[in-house]
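A.B. asks: Quick one: the structure is below, questions incoming.
Numbering (the numbering used here), first residue to last: 5 to 310.
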């Protein structure tokens, strides 16, 4: 016994004490399985967390096609807890499966990930918004079907691209008409997202790592969602109201015309500001690339993949 005590160093003693304290602090509830089924199901539903999926192009091609991935593509933890939690998750989550029509070797795809149609938001930033605009303004049905985003009820669109849609499209009811319902058949909330820095510049700071979860949306300006036929009141000042209505009125008219057969399901229009984490793993890559470009250095070996 004295020999075993002599082998205990201060470092090992601290490690054992620290590990033991961490295990004690971890919340444990061993009687969870004894709860009634109804209560367990409610607890699993409260475990769902709303996420914002921002799509970015991958660094390499998949099947010779440009592919996009979500920065929140990591499968939610509720899928891995137990069989019951997974069954509940499969009822609330859908698999984002997007495969473009096989036309030669061209086309674009999206890597599969799970999303909640009721909670999650698909954010189409300035880059992804350009690809979707071509689908929205396409006249031929066979090409529109290629870009259908099934199941998404909440869509956030970059404000600059919303203005571009208004410039390229005609008056509501006249060609070219943005086919919002054809591309987003389950749309319920349409958010115009302002992606600017504190200095007013457009932000291209993004992250492509799955599980980064670095994007969030903060509702701004509107006291309530803009519904069918509504415009902003003069509570914000005449100049501000005129600018906002110039942005909101066209998209509001497009939605009213596109969903005229479903008057009770016309999507609402919201405004939001895009927020990102102070530090993203992508920042390291961008800083490294900018430094190499500035000094005229070409990365070699494993650094070429950064």
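C-beta atoms are modelled at their ideal positions from N, C-alpha and C, and glycine is treated no differently.
Is the number of C-beta pairs between the segment 183–196 and the segment 134–141 that are closer than 8 angstroms three or more?
C.D. replies: The segment 183–196 is in contact with the segment 134–141.
A.B. asks: Residues bridged to residue 60 by DSSP?
C.D. replies: In the chain shown, the residue the question calls residue 60 occupies position 56. In DSSP, residue 60 forms a bridge with 73.
A.B. asks: Count the other CB atoms, across all protein chains shown, that sit within 10 Å of the CB of residue 264; report buried if there are 16 or more and exposed otherwise.
C.D. replies: Indexing the chain shown from 1 puts residue 264 at position 260. Label assigned to residue 264: exposed.
A.B. asks: Can you list, in chain order, the residues of its chain whose CB lies under 7 angstroms from that of residue 108, leaving out five sequence neighbours each side?
C.D. replies: By 1-based counting over the chain shown, the position of residue 108 is 104. Bear in mind that a pLDDT of 49 at residue 108, under 50, signals an unreliable position, so the model cannot answer this.
A.B. asks: Which of the three DSSP states, helix, strand or coil, is assigned to residue 153?
C.D. replies: Taking the chain shown and counting its residues from 1, the one referred to as residue 153 is at position 149. If DSSP states are grouped into helix, strand and coil, residue 153 belongs with coil.
A.B. asks: Terminal residues of the continuous alpha helix (DSSP H) containing residue 172?
C.D. replies: For the purposes of this step, residue 172 is taken as residue 168 along the chain shown, with counting starting at 1. Unbroken alpha helix (DSSP H) run through residue 172: 163–172.
A.B. asks: Whole angstroms are fine: how far does the CA of residue 295 sit from the CA of residue 180?
C.D. replies: Counted from its first residue, the chain shown places residue 180 at position 176. Counted from its first residue, the chain shown places residue 295 at position 291. Their backbone Cα atoms lie some 45 angstroms apart in a straight line.
A.B. asks: Taking 7 angstroms as the threshold (C-beta atoms), are residue 169 and residue 275 in contact?
C.D. replies: The sequence position of residue 275 within the chain shown is 271, counting from 1. The sequence position of residue 169 within the chain shown is 165, counting from 1. Contact: no.
A.B. asks: Kindly indicate which residue of 126, 164, 134 has the alpha-carbon position closest to the one of residue 153.
C.D. replies: Stepping through the chain shown from its first residue, residue 153 is reached at position 149. For residue 153, the nearest C-alpha among the options comes from 126.
A.B. asks: Which class does residue 186 belong to by DSSP, given the choice of helix, strand or coil?
C.D. replies: Locating residue 186 in the chain shown gives position 182, where the first residue counts as 1. Residue 186 falls in the helix class under three-state DSSP.
A.B. asks: So what's residue 109 in DSSP terms, helix, strand or just coil?
C.D. replies: Here the question's residue 109 lines up with position 105 in the chain shown. Caution is warranted here: a pLDDT of 44 is assigned to residue 109, below 50, making its placement in the model unreliable, and the coordinate value is therefore given only provisionally. Looking at residue 109 - three-state DSSP - the assignment turns out to be coil, as it is neither helix nor strand.
A.B. asks: Output yes or no for whether 7 angstroms exceeds the beta carbon distance between residue 132 and residue 45.
C.D. replies: Counted from its first residue, the chain shown places residue 132 at position 128. Counted from its first residue, the chain shown places residue 45 at position 41. Taking 7 angstroms as the Cβ cut-off, residue 132 and residue 45 do not qualify as a contacting pair.
A.B. asks: Using only the alpha-carbon positions, how far apart do residue 121 and residue 81 sit?
C.D. replies: Translated into positions along the chain shown, residue 121 becomes position 117. Translated into positions along the chain shown, residue 81 becomes position 77. When rounded, the distance between both Cα atoms is 17 angstroms.
A.B. asks: Which of the three DSSP states is assigned to residue 5 in this structure?
C.D. replies: Here residue 5 refers to the residue found at position 1 when the chain shown is read from its first residue. Only weak support exists for where residue 5 lies, its pLDDT of 47 falling under 50; the coordinates are left without a value.
A.B. asks: Per DSSP, what are the beta-bridge partners of residue 198 in this structure?
C.D. replies: Walking along the chain shown from the start, residue 198 turns up at place 194. DSSP output for residue 198 lists 277 as bridge partner(s).
A.B. asks: Pick out whichever of 253, 221, 99, 164 has its Cα sitting closest to the Cα of residue 175.
C.D. replies: Indexing the chain shown from 1 puts residue 175 at position 171. Here the closest residue by C-alpha is 253.
A.B. asks: Going by CA-CA distance only, name the one from 259, 273, 40, 79 that's closest to residue 182.
C.D. replies: Against the chain shown, residue 182 aligns to sequence position 178. If we check each option's Cα against that of residue 182, 259 comes out closest.
A.B. asks: Tell me the rounded alpha-carbon separation between residue 273 and residue 158.
C.D. replies: As a first step, residue 273 is located in the chain shown; it is residue number 269 there, counting from the start. As a first step, residue 158 is located in the chain shown; it is residue number 154 there, counting from the start. In a straight line, the C-alpha of residue 273 is about 10 angstroms away from that of residue 158.
A.B. asks: To the nearest whole angstrom, what separates the beta carbons of residue 124 and residue 162, a pair I think is in contact under 8 angstroms?
C.D. replies: As a position in the chain shown, residue 124 is number 120, starting the count at 1. As a position in the chain shown, residue 162 is number 158, starting the count at 1. Incorrect: roughly 18 angstroms between the Cβ atoms, too far for contact.
A.B. asks: State buried or exposed for residue 271, treating a residue as buried only when at least 16 other CB atoms are found within 10 Å of its CB.
C.D. replies: Numbered from 1 along the chain shown, position 267 holds the residue referred to as residue 271. The residue is buried, with at least 16 neighbouring Cβ atoms inside 10 Å.
A.B. asks: Taking just the CA atoms, how far does residue 48 sit from residue 89?
C.D. replies: One-based indexing of the chain shown puts residue 89 at position 85. One-based indexing of the chain shown puts residue 48 at position 44. Residue 89 and residue 48: Cα-Cα distance of roughly 6 angstroms.
A.B. asks: Give me the Cα-Cα distance between residue 305 and residue 130, rounded to the nearest whole angstrom.
C.D. replies: Within the chain shown, numbered from 1, the residue matching residue 305 stands at position 301. Within the chain shown, numbered from 1, the residue matching residue 130 stands at position 126. One C-alpha to the other measures close to 32 angstroms.
A.B. asks: So what's residue 160 in DSSP terms, helix, strand or just coil?
C.D. replies: For this step, residue 160 is matched to residue 156 along the chain shown. Strand, per DSSP.
A.B. asks: Pull up the DSSP beta-bridge partners for residue 128, would you.
C.D. replies: Here the question's residue 128 lines up with position 124 in the chain shown. Residue 128 pairs with 161.
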